[in-house]
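K.L.:
In my numbering, the protein residues as written are 1 to 328. For each residue, glycine too, the CB sits at the ideal point set by N, CA and C.
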Ligand code: NAD
Ligand code: LMR
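(1) Relative to the C-alpha of residue 277, which residue among 58, 32, 141, 284 is closest?
(2) Buried or exposed, going by whether 16 or more other CB atoms sit within 10 Å of the CB of residue 229?
(3) Would the beta-carbon of residue 25 fall within 8 Å of that of residue 51?
(4) For residue 96, does the three-state DSSP call read helix, strand or coil?
(5) Return the Cβ separation of residue 39 and residue 56 in integer angstroms, given the expectation that the two are a contact with Cβ distance under 8 Å.
(6) Any heavy atom of the ligand NAD within a distance shorter than 7 Å of the CB on residue 135?
(7) Any idea which residues DSSP pairs residue 186 with across the strands?
(8) Between the C-alpha atoms of residue 195 and residue 163, what's the straight-line distance to the nearest angstrom?
(9) Should residue 67 be labelled buried (16 or more other beta-carbon atoms within 10 Å of its own) or exposed?
(10) Are there three or more Cβ pairs, one per stretch, closer than 8 Å when the region 117-131 is compared with the region 199-209?
(11) Enumerated in chain order, which unbroken segments of the alpha helix (DSSP H) with a length of 4 residues or greater are wholly contained in the region 212-268?
(12) Taking its Cβ as the centre, do 16 or more other Cβ atoms sit within 10 Å of residue 263, making it buried, or is it exposed?
(13) At the level of alpha carbons, what is the spacing between residue 85 and residue 12?
(14) In the DSSP assignment, find the unbroken beta strand (DSSP E) run with residue 112 in it and report its ends.
(15) Using DSSP bridges, identify the partner residues of residue 55.
(16) Taking the beta strand (DSSP E) that residue 144 falls in, what are its first and last residues?
(17) Going by Cα to Cα distance, which pick from 122, 90, 76 is closest to residue 104?
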């Protein structure tokens, strides 16, 4: 029996993500948690004739604990999104506390769950999650993931447009570092098909991947940030985690993980000087099976991008760790 939880299930990402999870035959029970509207969303989804039994929970009567209890996978898109003119870090003051609270519940009633953090700023919220789990004595770094898949999806799409590939999803393009602006580093020198980005298009393409989120925020004009493409990306990553947990091999996707705690991560932590970094992760039955060093053989331009990313990440990670130990 596989139990999946979406925390923030009534939101812009939460609803389409819950729909996609409802369609996955690997899931037997889908618990939807939010501070509003989950009874309605759950009842609506429950009429779809696929396997998963759908339940909805609100905070009253310890609904969070009931929703999370014995979950195998918890996906967290809870929290406020950006409006034009804001950075992801501007969301920290509200979302840090939301993520901390949700991870505390997970630590108590679902300590063995895979936890996928979508809530921004991911660079900091994953560090908060790790510290909370450590403090509760249940931190398994192989099971905590910052979801950066949308950056990879964007890179696939934008590169496909340039190189004339019909299906961007057939390309493998490592996007590493973090999930905000200049901490996002696409590694175009390692595109699976060997496709080359023309020199005159390189800088604009890097910029578009790094600031793709802003493109959506601007177009939505105050109504939020990416929701549908994020639901797709979050689902794609969750599906890989679930398939790997069932024993499927060879599933690799970059994710923002705690390097010192995962096989292959220690050397990358030493090289970068940061403990959290998005790297290609090979998934297995217990989560991260191993990570590969994406810095090997990168170009000079990519090295320069990584340097800038590391600076930003250091600040974001320290902020998260500090918050976890000194909540307001
Ligand atoms: P939204 O406002 O539409 O939905 C958020 C939901 O979270 C709401 O339904 C809200 O009620 C709920 N919520 C708030 N506090 C909660 C709590 N304590 N417990 C449970 N639920 C709670 O926002 P959205 O567009 O779905 O975005 C959600 C988050 O995802 C934002 O922080 C956004 O920046 C982030 N995001 C991340 C990525 C990524 O690539 N990682 C991509 C897009 C958006
Ligand atoms: C994204 O990349 O679309 C998300 O992180 C949302 C945002 O704030 O841009």
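P.N.:
Result, derived from the coordinates:
(1) For the purposes of this step, residue 277 is taken as residue 277 along the chain shown, with counting starting at 1. Nearest C-alpha to residue 277: 141.
(2) The sequence position of residue 229 within the chain shown is 229, counting from 1. Around the beta carbon of residue 229, 16 or more other beta carbons sit within 10 angstroms, so the residue counts as buried.
(3) Numbered from its first residue, the chain shown carries residue 25 at position 25. Numbered from its first residue, the chain shown carries residue 51 at position 51. Closer than 8 Å, so yes.
(4) Taking the chain shown and counting its residues from 1, one reaches residue 96 at position 96. Residue 96 carries a helical assignment under DSSP once its states are collapsed to helix, strand and coil.
(5) Within the chain shown, residue 39 is the residue found at index 39, counting from 1. Within the chain shown, residue 56 is the residue found at index 56, counting from 1. With a contact defined as Cβ atoms closer than 8 Å, residue 39 and residue 56 qualify at about 5 Å.
(6) Translated into positions along the chain shown, residue 135 becomes position 135. No, the ligand NAD has no heavy atom inside 7 Å of this Cβ.
(7) By 1-based counting over the chain shown, the position of residue 186 is 186. The partner list for residue 186 (beta bridge, DSSP) reads 175.
(8) Position 195 of the chain shown, counted from the start, is the residue given in the question as residue 195. Position 163 of the chain shown, counted from the start, is the residue given in the question as residue 163. Rounded to whole angstroms, residue 195 to residue 163 spans 7 Å at the Cα level.
(9) If you number the chain shown from 1, residue 67 lands on position 67. So residue 67 counts as buried.
(10) Taking 8 Å as the limit for Cβ pairs, the verdict is that the region 199-209 does not touch the region 117-131.
(11) Segments of the alpha helix (DSSP H) lying fully in the region 212-268: 212-220, 228-245.
(12) Sequence index remark: in the chain shown, residue 263 carries index 263 (1-based). With a 10 Å radius around the Cβ and a threshold of 16 neighbouring Cβ atoms, residue 263 comes out exposed.
(13) Your numbering for residue 85 matches position 85 in the chain shown. Your numbering for residue 12 matches position 12 in the chain shown. Spanning the two alpha carbons is a distance of roughly 20 Å.
(14) As a first step, residue 112 must be located in the chain shown, where it is residue number 112. Per DSSP, residue 112 belongs to no beta strand (DSSP E) and is neither H nor E.
(15) In the chain shown, the residue the question calls residue 55 occupies position 55. Answer is 31.
(16) Position 144 of the chain shown, counting from 1, holds the residue named residue 144. First-last of the beta strand (DSSP E) with residue 144: 144-146.
(17) On the chain shown, position 104 is the one that residue 104 refers to. The option with the nearest alpha carbon to residue 104 is 76.
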